[in-house]
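Residues 0 to 165 in numbering that gives the first Met the number 0 are what the sequence shown spells out, letter by letter.
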Amino acid sequence: MATGPRYKVAFRRRREYRTDYYARKRLLRSGESRAVVRRSNRNVTVQFVDFDMGGDIVRAAATTKELRKMGWEYSCSSIPAAYLVGYLAGKRALKNGIEYAVLDIGMQNPKHGGVLFATVKGMTDAGLEVPHSKDIVPTKDRINGKHIDGGIEAAIKSVKKKMEAD
0 MATGPRYKVA
10 FRRRREYRTD
20 YYARKRLLRS
30 GESRAVVRRS
40 NRNVTVQFVD
50 FDMGGDIVRA
60 AATTKELRKM
70 GWEYSCSSIP
80 AAYLVGYLAG
90 KRALKNGIEY
100 AVLDIGMQNP
110 KHGGVLFATV
120 KGMTDAGLEV
130 PHSKDIVPTK
140 DRINGKHIDG
150 GIEAAIKSVK
160 KKMEAD
């Protein structure tokens, strides 16, 4: 490990590869609500966050764990599940008066047509405006789960119906 008067230790969250402070600073300076998308091996979480000097304020949130209560029987970390959680979070954000949000994926590795961008497609289908390129969104077949199982399409429709009813 380097030592000496010129050596500067990076912030703890940067050393742990959890926070990119330069990207966060740019997002906060925009003054817009952030659509924070986080993915684990089992779940996907979407939060709409506003900056405050006392700390970030979560305005609306949704997680794939909630899909289980709506009858979702498939994986909660798949592209169709990410689309549904983005749709649910988008509906909740619209109820709370959020109409525009900037995507914040943090230190995650973005892949065209991946889980992170399936949430963006769900948010835009819910009626929220999230700036993105059309070519990064997964294809309709992947969102409907045809690459996973043929019966998943009916499950997506039933869960969306339950979201609309709430």
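Glycine included, each C-beta is placed from N, C-alpha and C at the ideal position.
Name the DSSP bridge partner or partners of residue 99? 128
The beta strand (DSSP E) that contains residue 155, what's its start and end? From DSSP, residue 155 is part of no beta strand (DSSP E) but of the alpha helix (DSSP H) over 151 to 164.
First through last residue of the beta strand (DSSP E) which encompasses residue 56: 56 to 62
Measure the C-alpha to C-alpha separation of residue 6 and residue 104 and round it to an integer number of angstroms. 30 Å
Neighbourhood of residue 60 by C-beta distance below 6 Å, restricted to the same chain and skipping five residues each side: 46
Hey, how far is the Cα of residue 74 from the Cα of residue 49? A straight line joining the alpha-carbon of residue 74 with that of residue 49 spans about 30 Å.
Considering residue 84, what are the terminal residues of the alpha helix (DSSP H) in which it resides? Residues 78 to 94.
Smallest Cα separation from residue 137: which of 118, 126, 149 and 129? 118
Per DSSP, which residues does residue 43 bridge with? Please list them. 38
Inter-stretch contact at 8 Å, needing at least 3 Cβ pairs: the stretch 54 to 68 / the stretch 91 to 104: yes
Sort 102, 42, 17 and 54 by Cα distance to residue 25 and report the nearest one. 102
When you compare only the Cα positions, how much space is there between residue 82 and residue 130? Each residue's alpha carbon lies about 16 Å from the other.
Along the chain, where does the alpha helix (DSSP H) containing residue 140 start, and where does it finish? From DSSP, the alpha helix (DSSP H) with residue 140 extends over 139 to 142.
Which residues does DSSP pair with residue 49 in a beta bridge? 56
How is residue 33 classed by DSSP in three states: helix, strand or coil? strand
Since residue 63 and residue 43 should fall inside the 8 Å C-beta cutoff, what is the C-beta to C-beta distance between them, to a whole number of angstroms? 5 Å
Under three-state DSSP, which class holds residue 5? coil
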